[in-house]
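Have a look at the structure below before the remarks.
Chains as they are written, first to last, in our numbering: chain D, 2 to 1041; chain F, 201 to 660.
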């Protein structure tokens, strides 16, 4: 050939100094010889081997054939009926029991769904009149019952001991202590239980020198002290946010766990615009919290500034003058807020989350001065009783050897106390130490006796959550292990033979029920006592003024301030071994399996904790796989240090950091669950706000985040929102326009049948299910996520898999930050782009928009399968595994699925999840589906999916079908509203954001909601006609 | 009485060629339910002898033992047996025994039966003795029983105990009918074989004769051509090979398909259960409603294997089996199975008390739907009102339970396609049925038209 063309395969060939590698590669496939001889050249070994290659192949062939033949044989399944079947149990039919959770951190009246005697799901008790509904942790608590690492029997040191021996030995020691006059201490969680209180009083009487110390791991002591001082009751003021039109939060995450939580339902009620009105919410805070995310106006500031803000608000409302200096920005915010509060007067309410008695006193005084209707001191909340001073005194006394014996219940001070070492020293000096615990935790390892306590689903109990509002706790399963509850042992220690059940019953009949029926109370789970003495107001004004002045004089923190907070998924950490909660994405950071230090972007750059979002050449916050990385920082408070990974949190006040409690637990935890770092060592004096020094530490932390893109990029049609003013004054076509597409060069609404590829089915016959999600009411709490997990046997995949974006949540709550100050600003910026480059070009503009603002607007959007009537997933499935039902549900036949994943690729909402592994039969995923105990919580009505199949939200078709079947069996039409609680998510949603139902049922809430002006479909322009409707988010920006 | 006997004997002889085995039960009125089988004459004669012996003793009583038996079974059998101490004492010859041992007459018995508590209260010595002997549980009073009723019952209790006839049916029992058709088939085959052999022999002879003729007539048949063997020409014909290969591939494909399609289909699965529970005896002979034991089928997805306390509702008093037996399953066998039940539930038959030591029965599950298919029994049972037999087959004839239907998806769907919805008296269907049937232009909707074929109705 005459061509001179030289073809080259690599850059190396082009260069003049042809390396030997290039030369070698011209002739051979590999540069170096394949070292075949190394494993085949040794003839001696090859010959001496008893298994030749041929033999090996024979064995392989035989075993494969044998295995496949054996697989043709069906397994023999045994079926073992009861010997005597309990009357109320019908195999295959669920029973519901009303009970209560009261684990010292979470308190709620709930219904427990049991199947064949196994509790499998927590639901809300709609008869309950106490605050709130079951949150994510309560929903997940059913899995704690089936924790394989629970303490199975009482222990004395390392050795097992029987209950009779334990009780005998403890009585012996108590008698000795009593004789020697030494003090006996009961260190317990908050029980809020009238019967337990009575029992402890009896115990105190019997043993004389007894001190009862109540200890909350995450303390509300300041608020309790302030309330006690002012109203004479050790309780917390109760708030009904539905009665407030102006809500001001100062460092109080009242949509989270502030003062025990449970305020989100009433808050959400007031957030839904009705008759052109909705509440206005202003939040002053340091960390970005759920409350701040839902606020109409969020003011980031340091905790020390919060105190001054509070004092100034007090002064502007009461007219007392206080000193104190604030930045002009804050002065302005305070001015406006005060005027709004003053305008709203009785319709306003202010809440505060500072661990400071003065701040709490001022808060009470402000609400009194406003005459707030939402502020309630007559039925105060009893669910926090802990006393910091008593705990500190106890540790000191124990260290001094003044305490003879200590009996603990529901607390784990070795993990939660900042000065755990001192506590351990003190523990060693006691003659008797006994702890009631479900786990062999940090404390149980240090005590002489570890008494195996039952889970609350195995126990009796009563709770007075609000004054006069009682709940009962009843067992829903026979104890799984050899456990005995604290109260039963106390009774035994008192030498009584009756059980705690009898004791409660007698106590209720004597002093609570006042003639009502015990059986009815047990059935309802709740009882409201009519007799409710009013709280007297003691000394209202004087100390508040002083407190406000003292607050105003708070010196501004010179350094950084750390705010410790309980994370939505983990609370105080007692449920840390719960895989559902570990994998629960934090509503704000969307990070699973971790806690972290939240730092503002500006501070991160100052300190050197910043990783650029995406950069090819330097270290990046994201890896090629999308996995999120972070740097480490070492925090030091009062000599105690903790090293934590760092994330950049938009909205974090400059000069502050946030770190959550509940992580870093090591004892009685599966290896995979030992995540994060413990914040408790930094919780000095039980104050959540600490002065802190910070230093970067080498290393990269790998996070497992389920959302990697944080902004909407000006796509205002994903989360449609408007302001109350526009909502009230303009037509819905202005703020909720129907998207248009081009048809013959004419703009045509996408709802027009002419632009549709598909013929429409008649969906007016029979049921047609739709789900409405109100973006105004959704606080992002995540209870629905866990409820969906529990109902639908959603597997837990672990941190590594989440990092690979293989999360399995059927329902996720997307969280978006605005890139400008508001989402509206994003939209305007995007619309204003002209050209590619330049100052106003889209190229640079979109890069800017990927970064959230320093104090962004936040929006939550729960997303599950949208059950499109013209579903794109259905048309691409090669095996017709996914198809549409007449009732509107998009079905998924797992056994038909071959795992091509075309459907997931064609889904515009990215809601389909692929089973990469057999999570229920793989030791690599040792979470809950892999042991017999954890499998007890599986829902027997829902298939446990296998490897290689797609899965997704089914609109809980098992429940809708069950409702239909029930109606058929009873020969009646489906009753009004019967479908409303069919979906696990809508049933769990206490705020009423999610409403499910049959749109063909006349007068059902859903049939109204889908016609609402605010209703829109997600990505409507795609034309897939989803069966999930969202309600436009309305923000109340009216500064009164 | 005599007339009855005559009729009976006539009937008896009219069934000379058949047999029945539960002689004791059927001595009077149970003729219709008996399964007749062939049996030897010797057995028949033995039976007849016994029958005559019983009928002789009948004359000694003034009550009617037949009516007495019926009354006994309705009123007394829950607590009393003739020969066995149960909740109450054994009652065989109770009248005579009382007269002999205690000197008590029939009037005392009447008083006791009608109001035992009163008798005990009156301080009657023997009444109190019995009362205490049986754990202080007073016998239910039967004031409604007339003198005649009681006389009848006592007549029944006065009967001699019948000696059990141990059935010894001959080995070919039950197979004979099948054997008959087998023989005739064989015969036809043999005859055909002989016919073909004769034909072949005939042809051969004809051939031979013709050759002989040819030879005799000096006809030249020509030399024997060296023809190619058949197989060789077959091998050389590629078309034929192709056709054969395709044929074999199709055949093997057909069988492979058949094999694969039955993998996991356990139609006819008939495992041996830890207790030999005969559905034939319970659902067939005794006509117990399926849902008496499988009660959860009405409301639940699971039909439910009855818990042992359900068994004890009846078996507390039914401690032995008195129905028809076969060589394989004789009375001793069935009684043994009842003993197994007692052991499992922890019932001490002697003291008539629960010992508290139970061991649940590990039944082998026969109908196994895969986990990914949801099926709820209450839909076909309570809503559609289908008979259990529709899917489970003639359970009332199954000595050992087996899987009657294939339980494949095709089988489910076929039924849904063919079965109309039971709309009557069901408020749920009213509106939707009216609208849908109008839409489809039919009078009655099938389950399929209601949406019963949608994947998600069973797979979630």
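Beta carbons are placed, not taken as given, at the ideal position from N, Cα and C, and that holds for glycine.
Computed from a predicted structure; not experimentally measured.
Separation of residue j from residue i, as counted between CA atoms
i, j, result
"residue 297 of chain D", "residue 772 of chain D", "26 angstroms"
"residue 621 of chain D", "residue 633 of chain D", "14 angstroms"
"residue 557 of chain D", "residue 194 of chain D", "41 angstroms"
"residue 576 of chain F", "residue 608 of chain F", "16 angstroms"
"residue 222 of chain F", "residue 525 of chain F", "At residue 222 of chain F, the pLDDT of 38 sits below 50, so the modelled position is not reliable and the matter cannot be decided from this model."
"residue 404 of chain F", "residue 67 of chain D", "54 angstroms"
"residue 503 of chain F", "residue 495 of chain F", "7 angstroms"
"residue 76 of chain D", "residue 962 of chain D", "30 angstroms"
"residue 580 of chain D", "residue 650 of chain D", "25 angstroms"
"residue 191 of chain D", "residue 412 of chain D", "9 angstroms"
"residue 604 of chain D", "residue 145 of chain D", "39 angstroms"
"residue 322 of chain D", "residue 555 of chain D", "15 angstroms"
"residue 855 of chain D", "residue 402 of chain D", "52 angstroms"
"residue 293 of chain D", "residue 722 of chain D", "17 angstroms"
"residue 389 of chain D", "residue 261 of chain D", "16 angstroms"
Span of the alpha helix (DSSP H) around residue i
i, result
"residue 954 of chain D", "First-last for residue 954 of chain D: undefined, no H or E at that position."
"residue 488 of chain D", "487-494"
"residue 849 of chain D", "843-850"
"residue 462 of chain F", "438-462"
Which listed residue (the options) has its alpha carbon closest to that of residue i
i, options, result
"residue 623 of chain D", "D:788, D:708, D:487, D:126", "D:708"
"residue 608 of chain D", "D:576, D:560, D:502", "D:560"
"residue 900 of chain D", "D:946, D:954, D:939, D:887", "D:946"
"residue 297 of chain F", "F:482, F:354, F:499, F:448", "F:354"
"residue 786 of chain D", "D:953, D:986, D:824, D:647", "D:986"
"residue 172 of chain D", "D:858, D:29, D:491", "D:491"
"residue 335 of chain D", "D:277, D:404, D:280, D:249", "D:249"
"residue 545 of chain D", "D:312, D:874, D:256, D:865", "D:312"
"residue 469 of chain D", "D:881, D:871, D:1016, D:129", "D:129"
"residue 766 of chain D", "F:468, F:650, F:660", "F:650"
Residue span of the beta strand (DSSP E) that contains residue i, given as start and end
i, result
"residue 471 of chain D", "470-474"
"residue 599 of chain D", "598-600"
"residue 698 of chain D", "690-706"
"residue 891 of chain D", "891-893"
"residue 282 of chain D", "281-286"
Burial state of residue i, where buried means 16 or more other Cβ atoms lie within 10 Å
i, result
"residue 1034 of chain D", "buried"
"residue 435 of chain F", "exposed"
"residue 829 of chain D", "exposed"
"residue 445 of chain D", "buried"
"residue 639 of chain D", "exposed"
Residues in the region 1024-1037 of chain D having any Cβ partner in chain F nearer than 9 angstroms: none
Selection of the region 605-637 of chain F by Cβ proximity to chain D, strictly under 8 angstroms: 625, 626, 627, 628, 629, 630, 631, 632, 635, 636
Members of the region 496-508 of chain F near chain D, C-beta cut-off 7 angstroms: 496, 499, 500, 501, 502, 504, 505, 506, 507, 508
Members of the region 560-571 of chain F that neighbour chain D once the beta carbon cut-off is set at 8 angstroms: 560, 561, 562, 563, 564, 565, 568, 570, 571
Residues of the region 635-660 of chain F whose Cβ lies closer than 8 angstroms to any Cβ of chain D, in chain order: 635, 636, 639, 651, 654, 655, 656, 657, 659, 660
Chain F contacts from the region 654-688 of chain D (Cβ-Cβ distance under 8 angstroms): none
Interface residues of the region 467-490 of chain F facing chain D [CB-CB below 9 angstroms]: 469, 471
Under 9 angstroms (Cβ pairs) to chain F, residues found in the region 753-773 of chain D: 763, 765, 766, 767, 768
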